[in-house]
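Following: one structure in C-alpha cells, then a few remarks.
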C-alpha cells in the first residue's frame, strides 16, 4: 500500500514554480522527492535529498498533537523545533546555492 502511494505521488509531483519560471531552486525544492524516498524506506536518500524533511514532519505532528492535548511545555517545544527546522532549511539552501553556482 505504501509503495503504491509512493508511485502515485511520484507520478503526480507538483512542479516548483520558482524552478519552472526562474530556474532557481526554492528552499522547499526536494521535499516531495525526499518524502517519496522516505515512503519507500530509503532513509539515507531522503535525508540527503532534503535534510529538513524529518524535522518538518515532527513539527507538524507535534503541532497537531499540541492543539489537541495542549501539552504543558508544548509551545516551547514548538518554538525550538521551529527554530531548529528553519535553521536546517536556511543552511541547506545556502549550501545548495553556493554549491551549484561554483
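Numbering (my numbering), first residue to last: 39 to 140.
From the three backbone atoms N, C-alpha and C, an ideal C-beta is built for every residue, glycine too.
| Asked | Found |
| --- | --- |
| Quick check on residue 128: does DSSP put it in helix, strand or coil? | helix |
| Buried or exposed, going by whether 16 or more other CB atoms sit within 10 Å of the CB of residue 140? | Here the model assigns residue 140 a pLDDT of 47, short of 50, so the residue's position is not dependable, and the following value carries that caveat. It is exposed - the Cβ of residue 140 has fewer than 16 other Cβ atoms within 10 Å. |
| Between residue 117 and residue 48, what straight-line distance do the alpha-carbon atoms span, to the nearest angstrom? | 32 Å |
| Between residue 73 and residue 110, what straight-line distance do the alpha-carbon atoms span, to the nearest angstrom? | 31 Å |
| Keeping to the same chain, check which residues put their C-beta closer than 7 Å to that of residue 89; ignore five residues upstream and five downstream. | 126 and 130 |
| Would you mind sorting residue 75 into buried or exposed? The rule is 16 or more other CB atoms within 10 Å of its CB. | buried |
| Which residue wins for smallest C-alpha separation from residue 79, given the options 119, 101, 44 and 70? | 44 |
| Taking the alpha-carbon positions, what's the residue 82 to residue 91 distance? | 12 Å |
| Can you say whether residue 70 is buried or exposed, counting buried as having 16 or more other CB atoms within 10 angstroms of its CB? | buried |
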